[in-house]
Amino acid sequence: MRTRVARKGQQTPEQEIAGQHFVSFCSNDYLGLASHPQVREAFKSAVDRYGLGSGGSHMVTGHCAAHQLLEEELADFMGRDRALLFSTGYMANVGIINALTDTGGLVLQDSLNHASLLDGGWLSKAESRRYPHNDMSVLQQMLSDSNASHHLIVSDGVFSMDGDLAPLPELIELARQHRAWLMIDDAHGIGCLGDSGRGIVEAFSSAGCDPTQADLPVLVGTLGKAFGSTGAFAVGDSEMIEYLIQFARPYIYSTAMPPAVAEATRTSLRLLREEPWRRARVQELVTRFRDRAAGLNLQLSHSTSPIQAVILGDVESAMRASRTLAQEGVHVSAIRPPTVPAGTSRLRITFSAAHTDAHLDRLINALERVSADVSSETQNLLRYRY
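Here our numbering is used: the first residue of the sequence shown is 214, the next is one more, and so on.
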């Protein structure tokens, strides 16, 4: 059974859990903004101005000036016509997929997509099918064989459990060839990837991939990761965003996020844009981690993102490794089925700009103990499979 743990204090790398002190490598606070003094001050000031709750849905009385300004600033940052706020990423994905599809349609999803995307497809009136992870040849065959009235291709930008990237140029080309809509959930990419932090789209720009809004009609981001806040957003052209306002039911029928959260997130966005050193620091940590972990007889995922997975295979191995790290004062969760496929249970390590060199040293030293418990035979098998 999964269990929850209650930490004390702010969202920082050093945490107290159940009376013990840990260095955490579990958080999605990639840029270290969740507890930034300016972000906290913006929230406190906004509570004095707006109060706590928004009082209703965006369509009734909940849409405040803070929401409107944040949407405009997100659209400008992402280089799109408009942005639309959602209270959670799960609601955004379920609502958008259901708004864009109907009976007779086909939703095609990567097999390792986030649960919110998969659920969105299953809850829609369209047929939902999955293709093997990043396998464009199978996706092309599915599109060629389909007689559906409309198609929606859906993929994570950065896959949340492995940290690898979707093949964006190939997805765009297949969508063009088959007149399909393309939706990318770049929850783990926006803020972290690209020179300006615009995510997977910017990351592929050096390879000549510069999709128009027509090429990529729906791009979803979250505010609960690199922004250090909560909530989510979608960006697209004016017509698409207006359509979602009218037909994305989780948007229409949910209370808007507290306006103070929107104001604090505006400060996060400003810091994200003004302080590129945060992204550079995360990439430095990832590079140093992979260089040092390479000699530990551990199977790493193929990732250059802040998400680094140590694949251990069976559930008990992953749980034992997590306990070993905890004994060394390092908090890393064991990820196991059904979150990941059977036989790929793992440690999911995430890096933050707030991590210090000493934190990284502590992680590597703790992983040396994990490595000593993993047989060479097991690691060779995992390398063959993974």
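Built from N, CA and C at the ideal position, the CB exists for glycine as well.
Just to confirm the assignment, what range does the beta strand (DSSP E) spanning residue i have?
{"i": "T435", "result": "431-435"}
{"i": "M304", "result": "Looking at the DSSP string, M304 is not in any beta strand (DSSP E); the run it does join, the alpha helix (DSSP H), is 302-313."}
{"i": "G449", "result": "445-449"}
{"i": "G318", "result": "318-323"}
{"i": "V371", "result": "Taken as a continuous stretch (DSSP letters only), V371 belongs to no beta strand (DSSP E), as it is neither H nor E."}
Leaving out five residues before and five after residue i in sequence, what residues of the same chain have Cβ atoms less than 7 Å from its Cβ?
{"i": "M349", "result": "P380, E383, L387"}
{"i": "L283", "result": "L298, A475, T478, R479"}
{"i": "S535", "result": "V545, S546, A547, L560"}
{"i": "T225", "result": "S248, A567"}
{"i": "F417", "result": "L381, P382"}
{"i": "E581", "result": "L509"}
{"i": "F460", "result": "A312"}
Can you name, in chain order, every residue of its own chain whose Cβ lies under 6 Å from the Cβ of residue i, other than the five neighbours on each side?
{"i": "I465", "result": "M272"}
{"i": "A279", "result": "P472, A475, E476"}
{"i": "E590", "result": "Here E590 scores only 49 on pLDDT, less than 50, and its place in the model should not be relied on; the value that follows carries that caveat. Contacts found: none."}
{"i": "R505", "result": "I577"}
{"i": "S324", "result": "R343, P345, H346"}
{"i": "I562", "result": "F238, Q521, V545"}
{"i": "G434", "result": "D399, I403, F446"}
{"i": "V260", "result": "A473"}
{"i": "Q228", "result": "R220, F235, S237"}
{"i": "G437", "result": "T443"}
{"i": "I454", "result": "R295, L297"}
Given a threshold of 16 other Cβ atoms within 10 Å of its Cβ, counted over all protein chains shown, does residue i qualify as buried or as exposed?
{"i": "L246", "result": "buried"}
{"i": "M304", "result": "buried"}
{"i": "V218", "result": "exposed"}
{"i": "R491", "result": "buried"}
{"i": "Q251", "result": "exposed"}
{"i": "E254", "result": "exposed"}
{"i": "S337", "result": "buried"}
{"i": "N306", "result": "buried"}
{"i": "W335", "result": "exposed"}
{"i": "T537", "result": "buried"}
{"i": "M291", "result": "buried"}
{"i": "L331", "result": "buried"}
{"i": "Q322", "result": "buried"}
{"i": "G269", "result": "exposed"}
{"i": "K221", "result": "exposed"}
{"i": "G508", "result": "exposed"}
{"i": "S442", "result": "buried"}
{"i": "N360", "result": "exposed"}
{"i": "A439", "result": "buried"}
{"i": "P424", "result": "buried"}
{"i": "S558", "result": "buried"}
{"i": "T314", "result": "buried"}
{"i": "S357", "result": "exposed"}
{"i": "M214", "result": "exposed"}
{"i": "C378", "result": "The identity of residue 378 in the sequence shown is Leu, whereas the question assumes Cys. Classification of L378: buried, given that the 10 Å Cβ count is 16 or more."}
{"i": "D289", "result": "exposed"}
{"i": "R503", "result": "exposed"}
{"i": "D369", "result": "buried"}
Start and end of the alpha helix (DSSP H) containing residue i?
{"i": "A585", "result": "570-586"}
{"i": "Y344", "result": "From DSSP, Y344 is part of no alpha helix (DSSP H) but of the beta strand (DSSP E) over 340-344."}
{"i": "P380", "result": "Neither: P380 is in no alpha helix (DSSP H) and is coded neither H nor E."}
{"i": "G333", "result": "328-336"}
{"i": "D358", "result": "349-358"}
{"i": "Y464", "result": "462-465"}
Sorted by chain position, which residues of the same chain lie with C-beta nearer than 8 Å to residue i's C-beta, five sequence neighbours on each side aside?
{"i": "D450", "result": "R293, D294, R295, Q426, A427, P430"}
{"i": "R462", "result": "G308, N311, A312"}
{"i": "T316", "result": "K338, A339"}
{"i": "R533", "result": "D586"}
{"i": "V351", "result": "Y344, P345"}
{"i": "V495", "result": "Y243, L244, C405, P519, F564, S565, A566"}
{"i": "M470", "result": "S267, H280, L298, S300, T443, G444"}
If residue i and residue j are in contact, beta carbons under 8 Å, what's the gap, nearest whole angstrom?
{"i": "I230", "j": "H544", "result": "7 Å"}
{"i": "G407", "j": "E415", "result": "3 Å"}
{"i": "S240", "j": "G376", "result": "15 Å between Cβ atoms; not a contact."}
{"i": "S267", "j": "T468", "result": "6 Å"}
{"i": "Q512", "j": "V523", "result": "7 Å"}
{"i": "L244", "j": "V448", "result": "Rounded, the Cβ-Cβ distance is 19 Å, inconsistent with contact."}
{"i": "V367", "j": "H401", "result": "In fact, because the Cβ distance is near 15 Å, the residues do not count as touching under 8 Å."}
Are the C-beta of residue i and some C-beta of chain C separated by less than 8 Å?
{"i": "E286", "result": "Looking for chain C here will not work: only one protein chain is present."}
Segments of 3+ residues assigned as beta strand (DSSP E) that fall wholly inside the region 222-298: 227-230, 233-237
Uninterrupted alpha helix (DSSP H) stretches inside the region 507-579 (no shorter than 4 residues): 528-540
Segments assigned alpha helix (DSSP H), at least 4 residues, entirely inside the region 383-425: 413-416
Start-end ranges of the alpha helix (DSSP H) lying completely within the region 468-505, minimum 4 residues: 472-487
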